[in-house]
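The structure appears right after this line, and notes come after that.
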Amino acid sequence: MLYIIAFLLLVIVLANETSRNILLGLIGISLTLVVAAVVLIVIVIMGYLLVTGKFSNASGSISLWFNNFSRDYPYVPIFIVLALLLIVIVDIIRNKRALKK
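The sequence shown begins at -14 in my numbering and counts up by one.
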């Protein structure tokens, strides 16, 4: 992994401006997709735990608060997912514009 990062940094330093913009745009898009994938995996796992009821068996006030919150406001997770998707889409569009320059 460190070799890949070092190689990319070397290519970015030695590349001309157009190639540098392309590489930075591709890195930005890939990092955005990785972060979005991790966030969606966490949301799916938490949703699974909520649906199966395993999350309510956990001890602590955070799980009780989350169960009460999700019962009282069931539409909030949908808005969170939509906001994350909007952020990902805007970031990808911005990175594609950087690729065109």
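C-beta: ideal position from N, C-alpha, C; glycine also.
None of the values given here were measured: they were computed from a predicted structure.
From residue i to residue j, what distance separates their C-alpha atoms?
| i | j | result |
| --- | --- | --- |
| Ile14 | Ile77 | 6 Å |
| Leu(-7) | Gly10 | 13 Å |
| Phe64 | Val20 | 18 Å |
| Ala89 | Asn6 | There is simply no residue 89 to check, as the chain begins at -14 and stops at 86 in what is shown. |
| Asp57 | Gly32 | 15 Å |
Pick helix, strand or coil for residue i, following the three-state DSSP scheme.
| i | result |
| --- | --- |
| Pro153 | Since the first residue of the chain shown is -14 and the last is 86, residue 153 is not available in this structure. |
| Asn1 | coil |
What whole-angstrom Cβ distance do residue i and residue j have, given they're in contact under 8 Å?
| i | j | result |
| --- | --- | --- |
| Val75 | Ile28 | Val75 to Ile28, Cβ: 19 Å. No contact. |
| Ile(-3) | Leu8 | 6 Å |
| Leu69 | Val24 | 6 Å |
In chain order, what residues of the same chain have a beta carbon less than 8 Å from the beta carbon of residue i, not counting five sequence neighbours either side?
| i | result |
| --- | --- |
| Thr17 | Val73, Asp76, Ile77 and Asn80 |
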